[in-house]
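**Student:**
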Amino acid sequence: MVSNGLFMTALIATSLVFSVFHLPQAAPDWLGYCRPEWILLTLILWVQYIPAYRGGLFALMFTKNASDDGTTARRVLVVLWGLGFYLDTLLGDPFGLNGAICASIAFYLLRFRDRLQMQTLLQQMIMIFIMIFLAEIVRTYVRNSVTGQPWGLQPLAVAGSSMLFWPLYMLTAERLLGGQRRT
Amino acid sequence: MVTLLVMSGVLVWLDSSGRRLVQSGSVDRLEGTAKGLWHIRGSALSLVVPVYRIAKAPYVFYDSMSDISSDRQSLLQQREHLNTRLLHLEESQQRILYLQAENARLRQLLGSKAQLPSQATIAEIIGVPPDPERAAVIIDKGQADGVLPGHAVVDAQGLFGQVIDVSNSTSWVILITDREHAIPARNSRTGVRMIVGGIGISDRLVLEDLPASTDLQEGDLIETSGLGGRFPPGYPVGSVATVEATQDSPYLQASLEPTAALLKIGHVLVIAPAATDNEAADFGETALSAAKDAG
Numbered sequence: 004m005v006s007n008g009l010f011m012t013a014l015i016a017t018s019l020v021f022s023v024f025h026l027p028q029a030a031p032d033w034l035g036y037c038r039p040e041w042i043l044l045t046l047i048l049w050v051q052y053i054p055a056y057r058g059g060l061f062a063l064m065f066t067k068n069a070s071d072d073g074t075t076a077r078r079v080l081v082v083l084w085g086l087g088f089y090l091d092t093l094l095g096d097p098f099g100l101n102g103a104i105c106a107s108i109a110f111y112l113l114r115f116r117d118r119l120q121m122q123t124l125l126q127q128m129i130m131i132f133i134m135i136f137l138a139e140i141v142r143t144y145v146r147n148s149v150t151g152q153p154w155g156l157q158p159l160a161v162a163g164s165s166m167l168f169w170p171l172y173m174l175t176a177e178r179l180l181g182g183q184r185r186t
Numbered sequence: 109m110v111t112l113l114v115m116s117g118v119l120v121w122l123d124s125s126g127r128r129l130v131q132s133g134s135v136d137r138l139e140g141t142a143k144g145l146w147h148i149r150g151s152a153l154s155l156v157v158p159v160y161r162i163a164k165a166p167y168v169f170y171d172s173m174s175d176i177s178s179d180r181q182s183l184l185q186q187r188e189h190l191n192t193r194l195l196h197l198e199e200s201q202q203r204i205l206y207l208q209a210e211n212a213r214l215r216q217l218l219g220s221k222a223q224l225p226s227q228a229t230i231a232e233i234i235g236v237p238p239d240p241e242r243a244a245v246i247i248d249k250g251q252a253d254g255v256l257p258g259h260a261v262v263d264a265q266g267l268f269g270q271v272i273d274v275s276n277s278t279s280w281v282i283l284i285t286d287r288e289h290a291i292p293a294r295n296s297r298t299g300v301r302m303i304v305g306g307i308g309i310s311d312r313l314v315l316e317d318l319p320a321s322t323d324l325q326e327g328d329l330i331e332t333s334g335l336g337g338r339f340p341p342g343y344p345v346g347s348v349a350t351v352e353a354t355q356d357s358p359y360l361q362a363s364l365e366p367t368a369a370l371l372k373i374g375h376v377l378v379i380a381p382a383a384t385d386n387e388a389a390d391f392g393e394t395a396l397s398a399a400k401d402a403g
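As you go down the protein sequences, you meet chains U and V in turn. Position in the first sequence counted from 1, then plus 3, gives you the numbering used here. Position in the second sequence counted from 1, then plus 108, gives you the numbering used here.
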């Protein structure tokens, strides 16, 4: 079992690196469209499934009492929105785009947290597919408006691959954290 | 939440309009919030470089291992090959210096505006953005090295792309194969002017709106024309791969294979815009004296 804060920091750093890791030249072009949304998967894992793992820098975002009057949720949303600026620069998107996506997903997860806690793995996968598909639709719409990037099957491919990676990703994270999910 | 979304929408709009100006080379026209956002992006670009460097690390490690595992015989062969190539290049260089000087003087006599690249900066590619819909790379030279949006980027084989965003020590380069990219070019065999556009495919470019009567053959070399002042003239862009004329279209359907090694990760040259007439004349004199010195 590893330290909570260290684990989350490492997980976020790894997801950032995976997000910009380019495939070898020999890899077929279509494989590039199937890259899972590592950052959003990490965000979902953190906010929804293991929110107790919030040591280190992440402790700043939470009040001592998790069931407070909404201050925690507001801080999470504002911090994630701010972190979106970094993602915008990393991915070359217009400022504000990734902040809006991250904050919207976190808002939904925090709003319906109790209900989502009872979901089976299959239900989680379906939920992740829908959330990431919608996020990719928004992303592609903005990129289409700004840079003329054409519509294609990318939102579907990204959402599908993220959905398929989710069980492996979540179970690995839980195992590294000691074998049990904490809320 | 609504406030955050509204702020995001406003930011996206402001940043997008600012980036359009920057990418068209009109940084001076940026003002207010858009200018502030451009500076923030420039600073933040330096912060994302470590992530790109880590993502590139496995490839760097693989290359290092390949170098280490090379045997003595192959290294000697490589050295022999490079020495031969160097001799050929030096011989070409001497002729080029003389021809450049002659060209500059003839242009002066004709009163023609000379266009010579003023300076070139060697840069290393340190990252490749993952989005397959956007062809771009990040290089390790920025404003501090004199790199600005709009500067052309070439590699050893030909035109590579152009700088669209800069921070103090890094720059974002859009490749010639990006859908957003177009190049004023000419056929080196016939001199016919044309526009070469990217279509988002890494090994393919297209010739846009070329009349069906145009003299174009497979294998023709297309080079930059220098029109517009963004790209210096004479850099190879690609060779014609396919030419197709159909009866129901007044235009040729033609595609190019880029000459630059766009998929390789290595070094590139950033070329500043063309020099002014006086600088070009000075360059001509310098080149002539260098040619005389060289024999």
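Glycine included, each C-beta is placed from N, C-alpha and C at the ideal position. In this text, all values refer to a predicted model and were calculated from it rather than measured experimentally.
Figure out for me which residue from V/261, V/303 and V/370 has the closest Cα to the Cα of residue 379 of chain V.
**Tutor:** By one-based count along the second sequence, residue 379 of chain V stands at place 271. Taking only the C-alpha atoms, the option nearest residue 379 of chain V is V/261.
**Student:** What are the boundary residues of the alpha helix (DSSP H) that residue 141 of chain V is part of?
**Tutor:** As a position in the second sequence, residue 141 of chain V is number 33, starting the count at 1. Run containing residue 141 of chain V: 140-176, per the alpha helix (DSSP H) assignment.
**Student:** With 7 angstroms as the limit, tell me which residues of the segment 5-38 of chain U have their beta carbon closer than that to any beta carbon of chain V; keep them in chain order.
**Tutor:** The residues in question are 19, 20, 22, 23, 24, 25, 28, 32, 35, 36 and 38.
**Student:** Select from U/25, U/50, U/143 and U/172 the residue whose C-alpha is nearest the C-alpha of residue 35 of chain U.
**Tutor:** To locate residue 35 of chain U, count along the first sequence from 1; it is residue 32. Checking every option, the nearest Cα to that of residue 35 of chain U belongs to U/25.
**Student:** In angstroms, rounded to a whole number, what distance separates the CA positions of residue 213 of chain V and residue 33 of chain U?
**Tutor:** On the second sequence, position 105 is the one that residue 213 of chain V refers to. On the first sequence, position 30 is the one that residue 33 of chain U refers to. So the alpha carbons of these two residues sit roughly 52 angstroms apart.
**Student:** Taking a cut of 7 angstroms between CB atoms, which residues from the segment 278-298 of chain V lie near chain U?
**Tutor:** Under the 7 angstroms Cβ criterion, the segment 278-298 of chain V contributes 280, 287 and 288.
**Student:** Is the beta carbon of residue 275 of chain V less than 8 angstroms from the beta carbon of residue 154 of chain V?
**Tutor:** For this step, residue 275 of chain V is matched to residue 167 along the second sequence. For this step, residue 154 of chain V is matched to residue 46 along the second sequence. For residue 275 of chain V and residue 154 of chain V, yes; Cβs fall inside 8 angstroms.
**Student:** Quick check on residue 366 of chain V: does DSSP put it in helix, strand or coil?
**Tutor:** As a position in the second sequence, residue 366 of chain V is number 258, starting the count at 1. Strand at residue 366 of chain V.
**Student:** Is it buried or exposed, residue 343 of chain V, if we count other Cβ atoms within 10 angstroms and call 16 or more buried?
**Tutor:** By one-based count along the second sequence, residue 343 of chain V stands at place 235. Buried.
**Student:** Specify the secondary structure class of residue 89 of chain U as computed by DSSP and reduced to three states.
**Tutor:** Indexing the first sequence from 1 puts residue 89 of chain U at position 86. Correct three-state label for residue 89 of chain U: helix.
**Student:** Using only the alpha-carbon positions, how far apart do residue 291 of chain V and residue 364 of chain V sit?
**Tutor:** On the second sequence, residue 291 of chain V is found 183 positions in, with the first residue counted as 1. On the second sequence, residue 364 of chain V is found 256 positions in, with the first residue counted as 1. Near 13 angstroms, if we compare the C-alpha coordinates of residue 364 of chain V and residue 291 of chain V.
**Student:** With 8 angstroms set as the bound, which would you pick, yes or no: does the beta-carbon of residue 312 of chain V sit closer than that to a beta-carbon of chain U?
**Tutor:** On the second sequence, residue 312 of chain V is found 204 positions in, with the first residue counted as 1. False, the Cβ-Cβ gap to chain U never drops below 8 angstroms.
**Student:** Would you say residue 124 of chain V lies against chain C (beta-carbon separation less than 8 angstroms)?
**Tutor:** Chain labels in this structure do not include chain C; the protein chains are U and V.
**Student:** Quick one, are the C-beta atoms of residue 101 of chain U and residue 90 of chain U less than 8 angstroms apart?
**Tutor:** Taking the first sequence and counting its residues from 1, one reaches residue 101 of chain U at position 98. Taking the first sequence and counting its residues from 1, one reaches residue 90 of chain U at position 87. Yes; because the gap between Cβ atoms is below 8 angstroms, this pair is in contact.
**Student:** Residue 270 of chain V lies in the beta strand (DSSP E); which residues open and close that run?
**Tutor:** Numbered from its first residue, the second sequence carries residue 270 of chain V at position 162. Residue 270 of chain V -> beta strand (DSSP E) spans 267-274.
**Student:** Closest to residue 359 of chain V by CA distance: which of V/381, V/377, V/369 and V/322 is it?
**Tutor:** Translated into positions along the second sequence, residue 359 of chain V becomes position 251. The shortest C-alpha separation from residue 359 of chain V is found at V/322.
**Student:** Here's the rule: buried if 16 or more other CB atoms are within 10 angstroms of the residue's CB, otherwise exposed. What is residue 110 of chain V?
**Tutor:** The residue labelled residue 110 of chain V in the question sits at position 2 within the second sequence. Residue 110 of chain V should be labelled exposed.
**Student:** Can at least three beta-carbon pairs, one atom from the segment 162-180 of chain U and one from the segment 35-49 of chain U, be found at a separation below 8 angstroms?
**Tutor:** The answer is yes - the segment 35-49 of chain U touches the segment 162-180 of chain U, with three or more Cβ pairs under 8 angstroms.
**Student:** In this structure, how does DSSP classify residue 300 of chain V when only helix, strand and coil are distinguished?
**Tutor:** Walking along the second sequence from the start, residue 300 of chain V turns up at place 192. DSSP places residue 300 of chain V in coil when its eight states are reduced to three.
**Student:** At the level of alpha carbons, what is the spacing between residue 84 of chain U and residue 116 of chain V?
**Tutor:** Here residue 84 of chain U refers to the residue found at position 81 when the first sequence is read from its first residue. Here residue 116 of chain V refers to the residue found at position 8 when the second sequence is read from its first residue. Roughly 9 angstroms separates the two Cα atoms.
**Student:** Residues bridged to residue 405 of chain V by DSSP?
**Tutor:** For chain V, the structure presents residues 109 to 403; residue 405 of chain V sits outside this window and is missing.
**Student:** Quick one: is residue 163 of chain U near chain V, going by C-beta distance under 8 angstroms?
**Tutor:** On the first sequence, position 160 is the one that residue 163 of chain U refers to. Cβ-Cβ to chain V under 8 angstroms: no for residue 163 of chain U.
**Student:** Residues in the same chain with beta-carbon distance under 6 angstroms from residue 302 of chain V, minus the five sequence neighbours each way, listed in chain order, please.
**Tutor:** The sequence position of residue 302 of chain V within the second sequence is 194, counting from 1. Excluding residues within five positions, the ones whose Cβ falls inside 6 angstroms are 293, 315 and 318.
**Student:** Assuming residue 270 of chain V and residue 338 of chain V make a contact with CB atoms under 8 angstroms, what is their CB distance in whole Å?
**Tutor:** The residue you call residue 270 of chain V lines up with position 162 of the second sequence. The residue you call residue 338 of chain V lines up with position 230 of the second sequence. Yes, they are in contact, since the Cβ atoms of residue 270 of chain V and residue 338 of chain V sit about 7 angstroms apart, within 8 angstroms.
**Student:** What residues from chain U crowd round residue 140 of chain V, counting only those whose CB sits closer than 9 angstroms?
**Tutor:** If you number the second sequence from 1, residue 140 of chain V lands on position 32. Chain U residues near residue 140 of chain V: none, gap ~14 angstroms exceeds 9 angstroms.
**Student:** Leaving out the 5 sequence neighbours to the left and right, which residues in its chain are closer than 6 angstroms to residue 297 of chain V when beta-carbon positions are compared?
**Tutor:** Start at 1 with the first residue of the second sequence, and residue 297 of chain V comes out as number 189. Only 328 meet the Cβ criterion.
**Student:** According to DSSP, what are the bridge partners of residue 305 of chain V?
**Tutor:** Translated into positions along the second sequence, residue 305 of chain V becomes position 197. Per DSSP, V/290 and V/314.
**Student:** Are the beta-carbon atoms belonging to residue 253 of chain V and residue 232 of chain V less than 8 angstroms from one another?
**Tutor:** As a first step, residue 253 of chain V is located in the second sequence; it is residue number 145 there, counting from the start. As a first step, residue 232 of chain V is located in the second sequence; it is residue number 124 there, counting from the start. Contact: no.
**Student:** Less than 8 angstroms between the beta carbons of residue 157 of chain V and residue 285 of chain V, yes or no?
**Tutor:** Here residue 157 of chain V corresponds to residue number 49 of the second sequence, with the count starting at 1. Here residue 285 of chain V corresponds to residue number 177 of the second sequence, with the count starting at 1. No, Cβ-Cβ distance for residue 157 of chain V and residue 285 of chain V is not below 8 angstroms.
**Student:** Using the beta-carbon count (16 or more within 10 Å), is residue 154 of chain U buried or exposed?
**Tutor:** Translated into positions along the first sequence, residue 154 of chain U becomes position 151. Exposed, because fewer than 16 other Cβ atoms sit within 10 Å of the Cβ of residue 154 of chain U.
**Student:** Using 10 angstroms around the beta-carbon of residue 395 of chain V, count the other beta-carbons present and answer buried if the total reaches 16, otherwise exposed.
**Tutor:** Residue mapping note: residue 395 of chain V aligns to position 287 of the second sequence, counting from 1. For residue 395 of chain V, the pLDDT reaches just 46, beneath the cut-off of 50, and the residue's location in the model is therefore unreliable, although a value from the coordinates is still provided. The residue in question, residue 395 of chain V, is buried, as its Cβ has 16 or more Cβ neighbours within 10 Å.
**Student:** With a Cβ-Cβ cutoff of 8 angstroms, do residue 97 of chain U and residue 141 of chain U count as a contact?
**Tutor:** The residue you call residue 97 of chain U lines up with position 94 of the first sequence. The residue you call residue 141 of chain U lines up with position 138 of the first sequence. In this structure, residue 141 of chain U does not lie closer than 8 angstroms to residue 97 of chain U by Cβ.
**Student:** Please go through the segment 177-218 of chain V and give each complete alpha helix (DSSP H) segment of 4 or more residues, from N-terminal end onward.
**Tutor:** List check, alpha helix (DSSP H) in window: 180-218.
**Student:** Quick one: which chain U residues come within Cβ less than 7 angstroms of residue 152 of chain V?
**Tutor:** Here the question's residue 152 of chain V lines up with position 44 in the second sequence. Ordered by position in chain U, the residues that pass the 7 angstroms Cβ test against residue 152 of chain V are 88, 89 and 92.
**Student:** On a Cα-Cα basis, can you pick out the residue from U/94, U/118 and U/49 that is closest to residue 240 of chain V?
**Tutor:** Residue numbering aside, residue 240 of chain V sits at position 132 when the second sequence is read from its first letter. When each option's Cα is compared against that of residue 240 of chain V, the closest is U/94.
**Student:** Using the Cα positions of residue 121 of chain V and residue 88 of chain U, report the straight-line distance between them to the nearest angstrom.
**Tutor:** As a first step, residue 121 of chain V is located in the second sequence; it is residue number 13 there, counting from the start. As a first step, residue 88 of chain U is located in the first sequence; it is residue number 85 there, counting from the start. Rounded to whole angstroms, residue 121 of chain V to residue 88 of chain U spans 14 angstroms at the Cα level.
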